[in-house]
Amino acid sequence: MAAKIIDGKAIAEEIRGELARELEELKSQGIEPGIATLLVGDNFGAKMYRGAVEKFCGEMGFNYREETHPEDVSEQDVIAIVNSLNQDAQISGILPLRPFPEHISDSAVINSISVDKDIDCFHPFNMGKLALGEPTFPPATPSACIELMERYMTGEGIDPKDGFEGAEICVVGHSNIVGKPVSFLCLNRNATTTTAHVFTSQKGNLEKHTTTADYLIVAAGVPNLVNADQVKEGAVVIDVGINRVIVCPECQTYNRGKKSPCRQCAADLTDAPSKTVGDVNFDQVKEKAKAITPVPGGVGSVTNMMLAKNTLRAARLLAER
Ligand code: NAP
357 MAAKIIDGKA
367 IAEEIRGELA
377 RELEELKSQG
387 IEPGIATLLV
397 GDNFGAKMYR
407 GAVEKFCGEM
417 GFNYREETHP
427 EDVSEQDVIA
437 IVNSLNQDAQ
447 ISGILPLRPF
457 PEHISDSAVI
467 NSISVDKDID
477 CFHPFNMGKL
487 ALGEPTFPPA
497 TPSACIELME
507 RYMTGEGIDP
517 KDGFEGAEIC
527 VVGHSNIVGK
537 PVSFLCLNRN
547 ATTTTAHVFT
557 SQKGNLEKHT
567 TTADYLIVAA
577 GVPNLVNADQ
587 VKEGAVVIDV
597 GINRVIVCPE
607 CQTYNRGKKS
617 PCRQCAADLT
627 DAPSKTVGDV
637 NFDQVKEKAK
647 AITPVPGGVG
657 SVTNMMLAKN
667 TLRAARLLAE
677 R
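Structure representation (structure tokens):
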């Protein structure tokens, strides 16, 4: 039987409605949540994200402050800007948009952000709290994975508490942004959590771990890393990957760019179409899994809502001080 498609867009809309009510309540108490972005230089991805955050703040009814500075600004000046954001009563959350230029240390900037405004859990203090099982700001993408799993369980008549306890969960990827924190969030819910990564694959052990998972979370940034053979029959699959690929018109192989010929059949890719895919071979895996998130329209859709949730929490906590 084909898997249930977990509709991230619909879940995001549900959450948006819940948050809109919370925002209204906060505003009625004179509390105005806001986000600031900090961009240094003109990295394309960081600029795209900045624009997306600004648009999202407009849609959510949040204050927005843009801090965009030239490539040659000094680290000292960047830290002074962070300090001014830390002091700004209009701003409840600060988002550093990386990568920074080489002369600016990531950790120097992150460590200067007030832990009370660290809405995506970058600061070591907040990561430590997450590891201890008491996160103030569970990071957005890992939280989106948990939210999708919890809402899926609820829809199936399973109390999410029972659903996580003792469940076999395999996370593929151990980055500080996604893999590690989502592993902690699962562990904190008493799941039996395995974290696989590139070395697991290199030892030929990936399938051993993924095929025993009741819940499989994949965050590797590798298109088609997980095929039907790597998934247990009846598993729930959460695909975090976002990969822009060029699809070969001859053999349908995914390629990274148009400049070289297809890596499989050497066809010319100049006019080949591009497409956004996850890390899971969706068409194959949906025939074996019980439920699966699509890309796009899965985890990514819910991530912003988790960021909004943390912004409201930050605004509330700051107002209580
Ligand atoms: P990342 O920092 O590049 O980390 C990728 C992780 O996957 C690393 O731990 C890496 O292991 C592991 N990995 C790479 N190749 C592997 C393989 N063949 N087998 C097993 N593990 C492998 O990426 P990230 O920031 O965590 O993001 C992961 C994916 O999620 C990307 O596609 C990204 O675009 C997407 N993403 C989506 C959202 C969203 O909102 N939906 C948000 C953030 C990221 P090593 O470190 O050992 O090399």
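Just so we're aligned, residue 357 is where the sequence shown starts under this note's numbering, counting upward by one. Idealized CB from N, CA, C, for every residue including glycine. Since the structure is predicted, the reported quantities are computational estimates derived from the model, not experimental observations.
(request) Taking Lys631 as part of the alpha helix (DSSP H), name the residues at either end of that continuous run. (result) That residue, Lys631, is in no alpha helix (DSSP H); its beta strand (DSSP E) goes Ser630 to Val633.
(message) Which residue wins for smallest C-alpha separation from Ile361, given the options Val658, Arg672 and Pro650?
(response) If we check each option's Cα against that of Ile361, Pro650 comes out closest.
(request) Would you identify the three-state DSSP class for Asp595, choosing helix, strand or coil? (result) In this structure, Asp595 counts as strand in the three-state DSSP scheme.
(request) Consult DSSP for Pro516 and reduce its assignment to one of helix, strand or coil. (result) Looking at Pro516 - three-state DSSP - the assignment turns out to be helix.
(request) Grab me the residues of Glu427's own chain with a C-beta within less than 6 Å of its C-beta, minus the 5 sequence neighbours each way, in chain order. (result) For Glu427, where only same-chain residues beyond five positions count, the Cβ hits under 6 Å are Gly397 and Pro457.
(request) Note down the Cα distance separating Thr556 from Leu581, rounded to an integer number of angstroms. (result) Whole-angstrom Cα-Cα distance: 13 Å.
(message) Am I right that Ile450 and Lys473 are in contact with their C-beta atoms under 8 Å? What's the rounded C-beta distance?
(response) With 8 Å as the limit, Ile450 and Lys473 qualify as a contact, their Cβ atoms being about 5 Å apart.
(request) Helix, strand or coil for His479, going by three-state DSSP, please let me know. (result) Three-state result, His479: coil.
(message) Quick check on DSSP: helix, strand or coil for Leu673?
(response) Leu673 sits in a helix when the DSSP states are folded into three classes.
(request) Find the nearest neighbour of Asp476 within the set Tyr610, Val538, Glu388 and His530, judged by alpha-carbon distance. (result) The shortest C-alpha separation from Asp476 is found at Val538.
(message) Just verifying my parser: in three-state terms, what is the DSSP assignment at Asn419?
(response) Strand, per DSSP.
(request) With a cut-off of 8 Å on the beta carbons, I'd call Val633 and Asn599 a contact; round off their distance for me. (result) With 8 Å as the limit, Val633 and Asn599 qualify as a contact, their Cβ atoms being about 5 Å apart.
(request) Determine, using beta-carbon pairs with one atom in the segment 415 to 433 and one in the segment 385 to 394, whether at least three such pairs fall under 8 Å. (result) Contact holds: three or more Cβ-Cβ distances are below 8 Å.
(message) Among the candidates Lys559, Ser440, Thr550 and Asn532, whose CA atom is the shortest distance from the CA of Tyr736?
(response) This structure does not reach residue 736, given that the chain is present from 357 up to 677, and the question cannot be answered.
(request) Would you tell me roughly how many angstroms separate the C-alpha atoms of Asn467 and Leu625, rounded to the nearest one? (result) Between Asn467 and Leu625, the C-alpha separation is close to 44 Å.
(message) For Asn611, list the residues DSSP reports as bridge partners.
(response) In DSSP, Asn611 forms a bridge with Ile602.
(request) Find the nearest neighbour of Asn442 within the set Val471, Gly484 and Leu382, judged by alpha-carbon distance. (result) Checking every option, the nearest Cα to that of Asn442 belongs to Val471.
(message) Between the alpha carbons of Lys614 and Asn546, how many angstroms are there, rounded?
(response) Straight-line Cα distance between these residues: approximately 45 Å.
(request) Quick one: grab the DSSP three-state call for Ile525. (result) In the displayed model, Ile525 falls within a strand according to three-state DSSP.
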